[in-house]
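Engineer:
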Amino acid sequence: MPIPPQLTADCPLPVIPDELTYGGAILLLTDAMKSIADCDHDKRAIREIEAERIKKSPRLEGHEVNYQ
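The opening residue of the sequence shown carries number 5 in the working numbering; numbering runs sequentially from there.
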């Protein structure tokens, strides 16, 4: 099973304005944390695809692979 391109795409970076207020910093942090969470979700999906691929591989059958 090939890994879907959207899972390997670059993670979006939040736009940092030239002038940043305290309130803007909170919004920027919120955007950055969401981006990190989305990227973590993508990486978890890739690990699951790879684990399934290994489980189905006759060469690696019965071997445990730990992606941490």
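We put the beta carbon where it would ideally sit given N, CA and C, even for glycine.
Specify, as a first and last residue, the run of the alpha helix (DSSP H) that residue 37 falls within.
Structural biologist: Residues 26-60.
Engineer: Which of helix, strand or coil does DSSP assign to residue 11?
Structural biologist: If DSSP states are grouped into helix, strand and coil, residue 11 belongs with the helices.
Engineer: Would you check if the distance between the CB atom of residue 58 and the CB atom of residue 5 is smaller than 7 Å?
Structural biologist: No; because the gap between Cβ atoms is not below 7 Å, this pair is not in contact.
Engineer: Below 8 Å on the Cβ atoms is my guess for residue 11 versus residue 49; work out the distance and round it to an integer in Å.
Structural biologist: Right, their Cβ atoms sit about 5 Å apart.
Engineer: How many Å lie between residue 39 and residue 56 at the Cα?
Structural biologist: Cα to Cα, the separation comes out at about 26 Å.
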